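Here's the structure we're looking at; comments come further down.
There are 4 protein chains.
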Amino acid sequence: MKRVGKKTSRAERKALRPHEILEAAFEEFAAKGYAATRVEDIATRLRITKGTVYLYFPTKDVLFQEMFRHASTSSADPSTAIGCLRGSCADRIRDLLLITYENTANDRRTRELLRLSVAEGTRLPKMVDCRHELFIAPTLAALTTLVEEGVKSGELRQDTAADTPDVLASSIFQVAVWHLMLADRRPIDGRALMEAHIDLVMNGLLRRSERMA
Amino acid sequence: MKRVGKKTSRAERKALRPHEILEAAFEEFAAKGYAATRVEDIATRLRITKGTVYLYFPTKDVLFQEMFRHASTSSADPSTAIGCLRGSCADRIRDLLLITYENTANDRRTRELLRLSVAEGTRLPKMVDCRHELFIAPTLAALTTLVEEGVKSGELRQDTAADTPDVLASSIFQVAVWHLMLADRRPIDGRALMEAHIDLVMNGLLRRSERMA
Amino acid sequence: MKRVGKKTSRAERKALRPHEILEAAFEEFAAKGYAATRVEDIATRLRITKGTVYLYFPTKDVLFQEMFRHASTSSADPSTAIGCLRGSCADRIRDLLLITYENTANDRRTRELLRLSVAEGTRLPKMVDCRHELFIAPTLAALTTLVEEGVKSGELRQDTAADTPDVLASSIFQVAVWHLMLADRRPIDGRALMEAHIDLVMNGLLRRSERMA
Amino acid sequence: MKRVGKKTSRAERKALRPHEILEAAFEEFAAKGYAATRVEDIATRLRITKGTVYLYFPTKDVLFQEMFRHASTSSADPSTAIGCLRGSCADRIRDLLLITYENTANDRRTRELLRLSVAEGTRLPKMVDCRHELFIAPTLAALTTLVEEGVKSGELRQDTAADTPDVLASSIFQVAVWHLMLADRRPIDGRALMEAHIDLVMNGLLRRSERMA
DNA sequence: TATGAATGAGAATTCATTCAT
DNA sequence: TATGAATGAATTCTCATTCAT
Numbered sequence: 116m117k118r119v120g121k122k123t124s125r126a127e128r129k130a131l132r133p134h135e136i137l138e139a140a141f142e143e144f145a146a147k148g149y150a151a152t153r154v155e156d157i158a159t160r161l162r163i164t165k166g167t168v169y170l171y172f173p174t175k176d177v178l179f180q181e182m183f184r185h186a187s188t189s190s191a192d193p194s195t196a197i198g199c200l201r202g203s204c205a206d207r208i209r210d211l212l213l214i215t216y217e218n219t220a221n222d223r224r225t226r227e228l229l230r231l232s233v234a235e236g237t238r239l240p241k242m243v244d245c246r247h248e249l250f251i252a253p254t255l256a257a258l259t260t261l262v263e264e265g266v267k268s269g270e271l272r273q274d275t276a277a278d279t280p281d282v283l284a285s286s287i288f289q290v291a292v293w294h295l296m297l298a299d300r301r302p303i304d305g306r307a308l309m310e311a312h313i314d315l316v317m318n319g320l321l322r323r324s325e326r327m328a
Numbered sequence: 116m117k118r119v120g121k122k123t124s125r126a127e128r129k130a131l132r133p134h135e136i137l138e139a140a141f142e143e144f145a146a147k148g149y150a151a152t153r154v155e156d157i158a159t160r161l162r163i164t165k166g167t168v169y170l171y172f173p174t175k176d177v178l179f180q181e182m183f184r185h186a187s188t189s190s191a192d193p194s195t196a197i198g199c200l201r202g203s204c205a206d207r208i209r210d211l212l213l214i215t216y217e218n219t220a221n222d223r224r225t226r227e228l229l230r231l232s233v234a235e236g237t238r239l240p241k242m243v244d245c246r247h248e249l250f251i252a253p254t255l256a257a258l259t260t261l262v263e264e265g266v267k268s269g270e271l272r273q274d275t276a277a278d279t280p281d282v283l284a285s286s287i288f289q290v291a292v293w294h295l296m297l298a299d300r301r302p303i304d305g306r307a308l309m310e311a312h313i314d315l316v317m318n319g320l321l322r323r324s325e326r327m328a
Numbered sequence: 116m117k118r119v120g121k122k123t124s125r126a127e128r129k130a131l132r133p134h135e136i137l138e139a140a141f142e143e144f145a146a147k148g149y150a151a152t153r154v155e156d157i158a159t160r161l162r163i164t165k166g167t168v169y170l171y172f173p174t175k176d177v178l179f180q181e182m183f184r185h186a187s188t189s190s191a192d193p194s195t196a197i198g199c200l201r202g203s204c205a206d207r208i209r210d211l212l213l214i215t216y217e218n219t220a221n222d223r224r225t226r227e228l229l230r231l232s233v234a235e236g237t238r239l240p241k242m243v244d245c246r247h248e249l250f251i252a253p254t255l256a257a258l259t260t261l262v263e264e265g266v267k268s269g270e271l272r273q274d275t276a277a278d279t280p281d282v283l284a285s286s287i288f289q290v291a292v293w294h295l296m297l298a299d300r301r302p303i304d305g306r307a308l309m310e311a312h313i314d315l316v317m318n319g320l321l322r323r324s325e326r327m328a
Numbered sequence: 116m117k118r119v120g121k122k123t124s125r126a127e128r129k130a131l132r133p134h135e136i137l138e139a140a141f142e143e144f145a146a147k148g149y150a151a152t153r154v155e156d157i158a159t160r161l162r163i164t165k166g167t168v169y170l171y172f173p174t175k176d177v178l179f180q181e182m183f184r185h186a187s188t189s190s191a192d193p194s195t196a197i198g199c200l201r202g203s204c205a206d207r208i209r210d211l212l213l214i215t216y217e218n219t220a221n222d223r224r225t226r227e228l229l230r231l232s233v234a235e236g237t238r239l240p241k242m243v244d245c246r247h248e249l250f251i252a253p254t255l256a257a258l259t260t261l262v263e264e265g266v267k268s269g270e271l272r273q274d275t276a277a278d279t280p281d282v283l284a285s286s287i288f289q290v291a292v293w294h295l296m297l298a299d300r301r302p303i304d305g306r307a308l309m310e311a312h313i314d315l316v317m318n319g320l321l322r323r324s325e326r327m328a
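Residue numbers (my numbering), protein chains in the order written: chain B, 116 to 328; chain U, 116 to 328; chain X, 116 to 328; chain D, 116 to 328.
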């Protein structure tokens, strides 16, 4: 006898569980850190019991790592954005930075993964390295390509330093860290800061006539 | 019976103890985070026992907060640096950024305080706010003053955005976070990156002729 | 739709299940003891799930006791052997001991029941008493009868002690315990030991001329 | 200020603790088996808390093994007895069997170690092997020596089987197992059974004239 | 009948904190 | 002051048992 109005069947529920648990784990671990989070907190968030969590993940440690992987995977893949860029080098650099900003500093999930990377990174360096390989390195590589192109075409300065791509991305880190530390207590307009950053980095702070050697 | 030649007397030892404990606490909390650090680990680092720690600090929580305050206090006071600046606005901005970099992103202690601020900030917002008031805000205020001065004197662009001071400081955050996440596994030359950042932000990436509107 | 060639029908399966479960339970409990055995281990051995086990046995404890009873029942009934004995008293004693040896010390199932009796006997004295009544006491009684007969007929010594039947059976215990403790790591030839035991107990170790008073 | 009448100082207590805990552990493990014993039960027996147990033993498993070793060590060393034997071979065999009986089947501690060897031996074969090496093998070796001597001197039968020493010891196992299984519910006079066993094994059950070939 | 997801009562182990010495 | 044995609350993880499908 099928009960009417029942949202999810048993099988559906089971298929959903791992995902639900990983989501709840993300919230708890992000809020309290690994050691201070109790498996029971994660379960309670889903109105289930801790036993159920252990049905899907063998240990708290595995749960944490799978959560991290899961949350990382569901973040936007930088390669998607890179392929869509159009216009001059400056335009493409600008667009890539803004898109990356939206996907990272301005995305709560990515920000919290940064928090966990900083907080638990000493314990789990592999985890952080993996994240670096998948998200940070590709974005910096794309910026490098764009800058090289711009230099070649004469659109950008010839004397560009090797660190230029990092500099281009620096305010993304800043906004993310600011958020993580000060949350809503001292809010910043991340978008405006990004715009200002791009403007400065492109045009410089000095008046033309004052340009340094 | 007083032993001659003893390095530190009982009284001296007593006076030193709180300081020693706070230092040891800093190392342990920075390495493992609040929850994962055991009071006994801190004691063992000093070759004393946990009972002695409790002679000076009533709880682990108080010890953590006093450690944070202590480590913050012993960091370089930004106001010292600000007073010493000389030269053109650009020079003073440049020098302030480099000094701040040396005192923060390039200083292990300050970097680890940033890690703790990110990791435990949700639990102890007051702590982070305090740190913001004492170090971040004053530095940004000094940058704001310098920029305003430069704009007034015509050395800097007239259309400078309000966020300019933040942008100036952004790569400091970046270098610090990079260190915290990737440590020595993917080292960066922070100083070179800072130089590149200052150059870009001052002179811009675009060739003069390409300057955006 | 009934599949042709199916080995066991649903009804047959149902009739078999309790037996199968008891057999699987025997293996698991014998290998790991009561407390260390999980109901799921028993189920997995049969490629069924623990729910099914609970369809036939209400609790783990009941399952254990029924397993014990079942395994005991399926052991050879000593009265069968006793009825078949022929020959002189000495022959019949000898044959009874050898048959009992084969049915107990040399029978893995009986040996493991001894293990469980020793391991869990404190918790379940009834269980052990029952086993004693059904197997040990009848065998000893038969030996007593045979010895009495032999004494009466003059075949055996007149001064036989009351404990003689126990002594006759002692090496059966020894071989069983040795197996349980040392398994195949220090194997013994149980049959040879039994033969030696019977010989000694019948003829004595001393030379005739040395016989004790 | 020393309190009068205080039985044990702190240091004394500490020195005693491991021994106390091992004794309590022996009682509990012997009574309930490894898996069914809770560390807290052991602690409660000493009117301490489980935390204290963990101050001296890192895990329940280690505690069990150290308990086993400790209880084994404190059992009588068979070599002591063997050295004291005097008289004819038969006398010495008789005395060795009786002494061994007193030290094993008639000694509660040794009996319970046998129970644990049977119950947990599958899990910890090393433990049992060790016990075999230290107690069982030496005793059987001593019996072998005595028998060989007796055969050489003509005191014992020339056709003695290799298994004779085992047969000599068999009723020791029997009494021990009987105790473990039936405790006080069906008591036996172990001493009398031993005497009967020795008598039979020395003199045989058959009348002289009936001696088998 | 059979399943296996879910539960929740434990049990092992850890560790902040206390306090007698 | 310093110690470290002892405590006991908290936490991870397990598993007998239930029950909806």
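Every residue gets a Cβ at the ideal spot worked out from N, C-alpha and C, and that includes glycine.
None of these values were measured; they are calculated from a predicted model.
Checklist entry - Got a sec? Which residues, its chain only, sit under 6 Å from Ala158(U) by beta carbon, not counting five neighbours each side? => result Counted from its first residue, the second sequence places residue 158(U) at position 43. Here the set comprises Thr164, Lys165 and Val168.
Item to check | Leu321(B), DSSP secondary structure in three states | outcome: Your numbering for residue 321(B) matches position 206 in the first sequence. In the structure shown, Leu321(B) sits in a strand (DSSP, three-state: E or B).
Checklist entry - Does the beta carbon of Gly265(X) come closer than 9 Å to any beta carbon on chain D? => result Counting from 1 along the third sequence, the entry for residue 265(X) is found at position 150. Interface residue, yes.
Checklist entry - Can you list the residues of chain X that Phe172(D) reaches, using a CB-CB cut of under 8 Å? => result Residue mapping note: residue 172(D) aligns to position 57 of the fourth sequence, counting from 1. Under the 8 Å cutoff, chain X gives no residues; its nearest Cβ is about 20 Å from Phe172(D).
Checklist entry - Less than 9 Å separating the beta-carbons of Ala291(X) and Thr219(X)? => result Reading the third sequence from its first residue, position 176 is the one you call residue 291(X). Reading the third sequence from its first residue, position 104 is the one you call residue 219(X). It is a contact, given that the beta carbons lie within the stated cut-off.
Checklist entry - Hey, is Ala146(U)'s beta-carbon within less than 9 Å of any beta-carbon in chain B? => result Taking the first residue of the second sequence as 1, we reach residue 146(U) at position 31. Yes, its Cβ sits closer than 9 Å to a Cβ of chain B.
Checklist entry - When the cut-off is 9 Å and only beta carbons count, does Ile214(D) lie next to chain X? => result Taking the first residue of the fourth sequence as 1, we reach residue 214(D) at position 99. Chain X contact via Cβ: absent.
Item to check | Beta-bridge partners of Glu161(U), as assigned by DSSP | outcome: Within the second sequence, the letter at position 46 stands for residue 161(U). A small correction: the amino acid at residue 161(U) is Leu; Glu does not occupy that position in the sequence shown. Leu161(U) is not bridged to any residue.
Next on the checklist: Below 7 Å on C-beta distance, what does Ser224(U) contact in chain B?
Outcome noted: The residue you call residue 224(U) lines up with position 109 of the second sequence. Note on residue identity: the sequence assigns Arg, not Ser, to residue 224(U). Result: empty, since nearest Cβ-Cβ is about 16 Å, beyond 7 Å.
Next on the checklist: For His294(X), count the other beta carbons within 10 Å of its own beta carbon; 16 or more makes it buried, fewer makes it exposed. Which is it?
Outcome noted: Position 179 of the third sequence, counted from the start, is the residue given in the question as residue 294(X). The residue in question, His294(X), is buried, as its Cβ has 16 or more Cβ neighbours within 10 Å.
Next on the checklist: Applying the 10 Å Cβ sphere with the 16-neighbour rule, what's the burial state of Ala196(D)?
Outcome noted: Working through the fourth sequence from its first residue, we reach residue 196(D) at position 81. Flag for Ala196(D) reads buried.
Checklist entry - Cβ of Asn318(X) less than 9 Å from any chain D Cβ? => result Position 203 of the third sequence, counted from the start, is the residue given in the question as residue 318(X). So yes, Asn318(X) belongs to the interface.
Item to check | Ala311(U): contacting residues in chain B (beta-carbon distance under 9 Å) | outcome: Translated into the one-based positions of the second sequence, residue 311(U) becomes position 196. Within 9 Å Cβ-Cβ: Thr275, Ala276, Ala277, Asp278, Thr279, Asp281 and Val282.
Next on the checklist: Taking the alpha carbon of Asp210(X) as the reference point, which residue from Leu261(X), Glu235(X) and Cys245(X) has its own alpha carbon closest?
Outcome noted: To locate residue 210(X), count along the third sequence from 1; it is residue 95. When each option's Cα is compared against that of Asp210(X), the closest is Leu261(X).
Checklist entry - Under 9 Å Cβ-Cβ, which residues of chain D neighbour Leu271(X)? => result Stepping through the third sequence from its first residue, residue 271(X) is reached at position 156. Residues of chain D passing the Cβ test: Leu320, Leu321, Arg322 and Glu325.
Next on the checklist: 9 Å is my cut-off, CB to CB: does Thr259(X) come that close to chain D?
Outcome noted: Position 144 of the third sequence, counted from the start, is the residue given in the question as residue 259(X). Chain D, which has no Cβ nearer than 9 Å to the Cβ of Thr259(X), makes this no.
Checklist entry - Shorter than 9 Å from the beta carbon of Ala140(D) to some beta carbon of chain X? => result Along the fourth sequence, read from residue 1 onward, the residue named residue 140(D) stands at position 25. No, its Cβ sits nowhere closer than 9 Å to a Cβ of chain X.
Next on the checklist: Am I right that Val282(U) and Ser232(B) are in contact with their C-beta atoms under 8 Å? What's the rounded C-beta distance?
Outcome noted: Walking along the second sequence from the start, residue 282(U) turns up at place 167. Walking along the first sequence from the start, residue 232(B) turns up at place 117. Their Cβ separation, rounded to whole angstroms, is 24 Å, which puts Val282(U) and Ser232(B) out of contact at 8 Å.
Item to check | Rounded straight-line distance, which links the Cα of Ile251(X) to that of Thr330(X) | outcome: The requested residue 330(X) does not occur in the structure, where chain X is confined to residues 116 to 328.
Next on the checklist: Could you check whether Leu258(X) and Ala284(X) sit closer than 9 Å to each other, using their CB atoms as the reference points?
Outcome noted: Walking along the third sequence from the start, residue 284(X) turns up at place 169. Walking along the third sequence from the start, residue 258(X) turns up at place 143. Yes. Within cutoff.
Item to check | Per-residue burial, Val177(D) [other beta carbons within 10 Å of its own, 16 or more giving buried] | outcome: For the purposes of this step, residue 177(D) is taken as the residue at position 62 of the fourth sequence. By the neighbour-count rule (16 or more Cβ atoms within 10 Å), Val177(D) is not buried but exposed.
Item to check | chain U contacts made by the stretch 226-247 of chain B, where a contact means CB separation under 7 Å | outcome: Arg230, Ser232, Val233, Ala234, Gly236, Thr237, Pro240, Val243, Asp244 and His247
Checklist entry - In the DSSP assignment, what are the bridge partners of Leu271(X)? => result For this step, residue 271(X) is matched to residue 156 along the third sequence. DSSP output for Leu271(X) lists Leu321(D) as bridge partner(s).
Item to check | Integer Cβ distance of Gly148(U) from Ala186(B), believed to fall under 8 Å | outcome: Locating residue 148(U) in the second sequence gives position 33, counting from the first residue. Locating residue 186(B) in the first sequence gives position 71, counting from the first residue. With 8 Å as the limit, Gly148(U) and Ala186(B) do not qualify as a contact, their Cβ atoms being about 19 Å apart.
Checklist entry - Would a check of beta-carbon distances place Ile163(B) closer than 9 Å to chain U? => result To locate residue 163(B), count along the first sequence from 1; it is residue 48. It does not: the Cβ of Ile163(B) has no partner Cβ on chain U nearer than 9 Å.
Item to check | Short Cβ contact (9 Å threshold) for Ile136(D) with Leu212(D) | outcome: Working through the fourth sequence from its first residue, we reach residue 136(D) at position 21. Working through the fourth sequence from its first residue, we reach residue 212(D) at position 97. Against a cut-off of 9 Å, the Cβ pair of Leu212(D) and Ile136(D) comes out as no contact.
Checklist entry - Going along the chain, which unbroken runs of the alpha helix (DSSP H) with 4 or more residues stay wholly within the stretch 158-225 of chain U? => result 165-171, 175-188, 193-198 and 204-218
Checklist entry - Arg224(U) to Glu138(U), Cα distance in whole Å? => result The residue given as residue 224(U) occupies position 109 in the second sequence. The residue given as residue 138(U) occupies position 23 in the second sequence. Each residue's alpha carbon lies about 10 Å from the other.
Next on the checklist: What would DSSP say about Gly305(U), mapped onto helix, strand or coil?
Outcome noted: Along the second sequence, read from residue 1 onward, the residue named residue 305(U) stands at position 190. Note: Gly305(U) maps to helix in three-state DSSP.
Checklist entry - Whose CA, out of Pro280(D), Gly305(D) and Gln273(D), lies closest to the CA of Leu255(D)? => result By 1-based counting over the fourth sequence, the position of residue 255(D) is 140. Closest option to Leu255(D), Cα to Cα, is Pro280(D).
Checklist entry - So, is Glu227(B) buried or exposed, given that buried needs 16 or more other C-beta atoms within 10 angstroms? => result Counting from one through the first sequence, the residue named residue 227(B) turns up at place 112. It counts as buried.
Checklist entry - Is Glu135(B) helix, strand or coil by DSSP? => result Sequence index remark: in the first sequence, residue 135(B) carries index 20 (1-based). Helix, per DSSP.
Item to check | Residue range of the unbroken alpha helix (DSSP H) whose run includes Ser285(D) | outcome: As a first step, residue 285(D) is located in the fourth sequence; it is residue number 170 there, counting from the start. Start and end: Thr279 to Leu297.
Item to check | Local conformation of Gly265(X) per DSSP, three classes | outcome: Indexing the third sequence from 1 puts residue 265(X) at position 150. Three-state result, Gly265(X): helix.
Checklist entry - Terminal residues of the continuous alpha helix (DSSP H) containing Arg246(D)? => result As a first step, residue 246(D) must be located in the fourth sequence, where it is residue number 131. Unbroken alpha helix (DSSP H) run through Arg246(D): Pro240 to Arg246.
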